[in-house]
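Numbering (the working numbering), first residue to last: 8 to 518.
Right, one structure below, let's go through it.
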Ligand code: BGC
């Protein structure tokens with residue numbers, strides 16, 4: 008009854024090879040993930056640097072200094088202004104991805120990524136030069152807008168240029184770049200954390216310009232996807248581009264499928280109104296739930312607050328940053344597992360294994376904190392326990408990195424019909440950023456109040472989300488992107504939303 012069995016009938020292989028042109032384009036588009044990743048990784052380290060806190064968040068610095076053996080470890084970093092610095096980016100990111108849904112449909116995926124790189128670059132400059140909190144926040148708002156634009160367009164671009172049987176592989180490249188961005192940021196923080204004066208944090212924030220430049224320059228040379236060219240009425244160019252990307256002349260079957268999808272697409276004038284109609288309900292709900300759940304795994308607790316979290320556990324400043332580097336490395340390496348499994352064994356296998364492993368890790372972390380800190384949080388961990396916590400955070404991170412990490416971008420980019428793909432992918436990006444904001448904002452106060460219990464809450468959510476995958480997420484492996492929506496018509500639950508012609512006409516007239 009669960010979703011996986013249904014799909015294999017739709018598997019289809021178009022002729023084509025992975026050309027050098029396709030490879031370069033794929034790597035370049037995936038590089039957009041660097042911008043997102045660098046930012047995720049940099050803020051946690053910077054907000055644990057004393058000089059930075061002293062300059063911009065004096066009250067947090069004083070509280071941290073006052074932390075003595077009788078102070079509650081769970082609460083020492085709780086400050087709304089500090090968390091606002093981290094999460095302000097996600098507000099404009101959300102707006103950026105909605106703007107991107109129009110831009111990527113109207114002007115194409117490439118133009119959207121290019122403008123994202125440019126806005127992000129300005130944000131990096133403002134942040135590196137900041138002398139007051141408002142500049143820090145302004146810089147982050149700009150970085151956010153840039154990120155919103157690219158995280159909408161890049162996964163869609165990747166799924167559209169990849170051969171169906173390699174789509175998971177190429178799309179996972181986006182996640183790989185996110186993890187590399189996070190790791191590089193952790194390493195930068197590790198180095199700059201040791202520097203005297205303001206130079207350390209300025210370098211950390213200012214170096215965001217590097218991924219910005221890579222994306223801005225790199226996307227300039229990108230092609231437009233055939234799907235996007237068709238959407239803009241450029242059928243001739245789309246056919247030529249498809250031949251170039253696939254490296255073969257015989258692209259007729261794939262092109263015919265693209266044209267068919269585009270015919271349906273032309274009938275939809277307003278994708279945002281269409282996407283909430285009954286016909287698209289399965290994809291709409293799935294694309295809301297995937298990023299919602301992805302963030303409720305608690306991954307960004309580790310990504311943003313690893314140094315802060317490790318300090319909470321009693322690690323010294325340097326050891327905290329080093330441990331964050333270790334988790335960053337595990338995050339990158341484990342993503343490679345997804346590359347080799349996602350198109351061979353499918354998305355669902357990764358979801359199940361990853362969900363189970365994260366569950367075990369979260370429960371174990373909860374028990375360690377309960378045993379060592381209890382409810383008062385006034386102990387420090389001995390080195391044996393500290394190593395155990397780092398190992399558990401690594402097994403948790405690895406599981407995320409080969410499951411919900413890449414799949415959180417892949418699934419939403421491959422389940423939509425062309426006419427609502429831009430809007431659907433924007434919903435994924437915005438919910439992702441919104442939930443990141445919520446988790447970032449809520450984590451430190453929640454740790455302060457719910458204490459070790461927080462990790463048990465994450466574990467319960469993991470049970471719910473894995474059941475969601477089991478019952479409601481069909482397998483999409485090997486199915487051409489324009490055929491994926493058809494699998495919902497055969498799914499035990501979603502088939503109730505399959506439109507008949509009459510309903511489709513009614514939907515069209517209202518959109
Ligand atoms: C998530 C980010 C997360 C990152 C960790 C991404 O898929 O969307 O929120 O920080 O993975 O690698």
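All C-beta atoms in this analysis are idealised placements derived from N, C-alpha and C, irrespective of residue type, glycine included.
Keep in mind that this is a model prediction, so the values were computed, not measured.
| Asked | Found |
| --- | --- |
| For residue 468 and residue 248, I'd like the C-alpha separation in whole angstroms. | 44 Å |
| Run the proximity test for residue 178: is its beta-carbon closer than 7 Å to any non-hydrogen atom belonging to the ligand BGC? | no |
| Have a look at 128, 263, 373 and 378 and flag the residue whose alpha-carbon is nearest the alpha-carbon of residue 213. | 128 |
| Residue 77 by DSSP, collapsed to three states: which one? | At residue 77 the pLDDT is 49, less than 50, meaning the model places this residue with poor confidence; the figure from the coordinates comes in the next sentence. In the structure shown, residue 77 sits in coil (DSSP, three-state: anything other than H, G, I, E or B). |
| Entirely within the stretch 26 to 79 and at least 4 residues each: give me those alpha helix (DSSP H) ranges in chain order. | 27 to 37, 39 to 53, 57 to 63 and 65 to 73 |
| Mind checking which residues open and close the alpha helix (DSSP H) that includes residue 578? | There is no way to answer for residue 578, as the model of the chain reaches only from 8 to 518. |
| Please go through the same chain and pick out, in chain order, the residues whose beta-carbon is closer than 6 Å to the beta-carbon of residue 23, but skip the five residues on each side of it. | 170, 253 and 255 |
| At the level of alpha carbons, what is the spacing between residue 471 and residue 28? | 42 Å |
| Relative to the C-alpha of residue 498, which residue among 481, 485 and 117 is closest? | 481 |
| Measure the CB-CB distance between residue 63 and residue 140 and report whether it falls below 8 Å. | yes |
| For residue 412, is the beta carbon positioned less than 7 Å from some heavy atom of the ligand BGC? | yes |
| Would you mind sorting residue 206 into buried or exposed? The rule is 16 or more other CB atoms within 10 Å of its CB. | exposed |
| Select from 236, 404 and 131 the residue whose C-alpha is nearest the C-alpha of residue 49. | 131 |
| If we call anything under 8 Å between Cβ atoms a contact, is residue 218 one with residue 180? | no |
| Does the stretch 422 to 434 come within contact of the stretch 369 to 382, defined as at least 3 CB pairs closer than 8 Å? | no |
| Please tell me whether, using a cut-off of 7 Å, the distance from the CB of residue 416 to the nearest non-hydrogen atom of the ligand BGC is below it. | yes |
| Using the Cα positions of residue 504 and residue 424, report the straight-line distance between them to the nearest angstrom. | 15 Å |
| So residue 483 packs on residue 422, CB below 8 Å; how close in whole Å? | 7 Å |
| Would you mind working out which of 167, 361, 96 and 153 sits nearest residue 491, comparing C-alpha positions? | 167 |
| On the DSSP letters alone, give me the boundaries of the alpha helix (DSSP H) that residue 247 sits inside. | 242 to 253 |
| Do the stretch 406 to 415 and the stretch 299 to 308 make contact, defined as three or more Cβ pairs closer than 8 Å? | yes |
| Determine the DSSP secondary structure at residue 486, reduced to helix, strand or coil. | coil |
| Closest to residue 317 by CA distance: which of 275, 349, 389 and 37 is it? | 389 |
| Can you tell me where the alpha helix (DSSP H) holding residue 504 begins and where it ends? | Where residue 504 is concerned, there is no enclosing alpha helix (DSSP H), given that its DSSP letter is neither H nor E. |
| Considering only heavy atoms of the ligand BGC, does any lie closer than 7 Å to the CB of residue 448? | no |
| Classify residue 260 as buried or exposed, calling it buried when 16 or more other Cβ atoms lie within 10 Å of its own Cβ. | exposed |
| Could you work out which residue in 479, 474 and 366 is closest to residue 461 when comparing CA atoms only? | 366 |
| What is the C-beta distance between residue 52 and residue 211, in whole angstroms, given that I count them as a contact (C-beta under 8 Å)? | 7 Å |
| Nearest CA to the CA of residue 138: which residue from 112, 208, 196 and 178? | 208 |
| Excluding five sequence neighbours on each side, which residues of the same chain lie with their C-beta closer than 7 Å to the C-beta of residue 244? | 236 |
| If we count the other Cβ atoms within 10 Å of its Cβ and call it buried at 16 or more, is residue 30 buried or exposed? | exposed |
| Compute the Euclidean distance between the alpha carbons of residue 287 and residue 98, then round it to the nearest angstrom. | 27 Å |
| Between which residues of its own chain and residue 296 is the CB-CB distance below 7 Å, once the five residues before and five after are set aside? | 475 |
| The alpha helix (DSSP H) that contains residue 368, what's its start and end? | 354 to 380 |
| Taking residue 177 as the reference, give the member of 400, 418 and 267 with the closest Cα. | 418 |
| For residue 232, name the three-state secondary structure that DSSP assigns. | coil |
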